[in-house]
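Residue numbers for the sequence shown follow the UniProt record's numbering, beginning at 1 and rising by one.
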Amino acid sequence: VQCNISPNSLELRLKSSPRTTILNGKMPYTVRSEESMWVVEDDNQEQGTVVITLDKIKKTWWDSVVEGEPVIDTSLVDSTCKIDEYDAETQGAIRKIMFDQKQKAMGLKSSDEIAQDELIEKAKYLPGSPFLPPDQGGAGWDDDSAVPPKLPTKGASAGPG
Numbered sequence: 001v002q003c004n005i006s007p008n009s010l011e012l013r014l015k016s017s018p019r020t021t022i023l024n025g026k027m028p029y030t031v032r033s034e035e036s037m038w039v040v041e042d043d044n045q046e047q048g049t050v051v052i053t054l055d056k057i058k059k060t061w062w063d064s065v066v067e068g069e070p071v072i073d074t075s076l077v078d079s080t081c082k083i084d085e086y087d088a089e090t091q092g093a094i095r096k097i098m099f100d101q102k103q104k105a106m107g108l109k110s111s112d113e114i115a116q117d118e119l120i121e122k123a124k125y126l127p128g129s130p131f132l133p134p135d136q137g138g139a140g141w142d143d144d145s146a147v148p149p150k151l152p153t154k155g156a157s158a159g160p161g
């Protein structure tokens with residue numbers, strides 16, 4: 001048996017004469033070839049079983065091992081997995097999606113909208129801000145009132161109109 005695993009392709013063939021190709025093609029996603037491996041397991045019969053372990057860069061379900069081979073419906077695969085079994089980046093993305101779905105269900109702002117509001121709030125107090133009076137380092141207001149101008153609301157026009 002000869003198995004060649006590259007980041008984007010997989011080839012499995014018998015060394016017999018003539019060489020018989022069992023599987024050969026481009027994989028749907030990239031793998032870490034140096035971390036991937038293969039082994040022949042002896043099942044006490046004349047033939048063994050080739051087990052190929054691919055270290056996927058993107059942890060996702062593949063509908064086939066290589067392009068052109070039979071595909072499966074990945075939505076039918078039981079993909080229940082604990083969040084802590086994923087890498088840190090994927091865990092963060094899952095938690096963000098779950099938080100945003102919960103916020104949406106309660107009619108509240110998403111994490112991106114909350115972050116945007118926090119950024120605007122911080123910007124209000126930076127030097128040169130139009131929301132600070134000139135004596136506090138701001139750009140000043142249109143009149144001498146003690147109330148800063150209102151921020152335009154989402155979808156509202158800031159100018160006359």
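Quick reminder that beta carbons are idealized off the backbone N, C-alpha and C, glycines included.
Where the alpha helix (DSSP H) containing residue i begins and where it ends
i: G92; result: 88 to 105
i: K58; result: That residue, K58, is in no alpha helix (DSSP H); it is neither H nor E in DSSP.
i: Q116; result: 111 to 123
Residue nearest to residue i in terms of C-alpha spacing, selected from the options
i: residue 219; options: P28, P127, I52; result: Residue 219 is absent from the model: the chain starts at 1 and stops at 161.
i: M47; options: L108, L14, P133; result: The question names Met, but residue 47 is Gln in the sequence shown. Checking every option, the nearest Cα to that of Q47 belongs to L14.
i: S64; options: D42, R95, S33, N24; result: N24
i: T30; options: I120, K58, T20, R95; result: K58
i: K56; options: N8, D135, G137; result: N8
i: D127; options: P133, G137, I120, E121; result: The residue you asked about is not Asp; residue 127 is Pro in the sequence shown. P127 has its Cα closest to that of G137, out of P133, G137, I120, E121.
i: V51; options: L12, T60, I114; result: L12
i: G92; options: S111, Q103, A105, T80; result: S111
i: T60; options: T80, E69, G68; result: T80
i: V66; options: T49, P133, L10; result: L10
i: I22; options: S33, E34, V1; result: V1
Range of the contiguous beta strand (DSSP E) that encloses residue i
i: I5; result: 2 to 5
i: L12; result: 9 to 14
i: I22; result: 20 to 26
i: E41; result: 37 to 41
Buried versus exposed, by CB contacts within 10 Å (16 or more), residue i
i: L54; result: buried
i: I5; result: buried
i: L108; result: exposed
i: L119; result: exposed
i: L76; result: exposed
DSSP bridge partner residues for residue i (one or two, in chain order)
i: V51; result: V39
The ligand HEM heavy atom lying under 7 Å from the CB of residue i
i: F99; result: Ligands in the displayed structure: none, and consequently the ligand HEM is not present.
**OP:** Would you check if there are 3 or more beta carbon pairs closer than 8 Å linking the region 75 to 92 to the region 30 to 40?
**Re:** no
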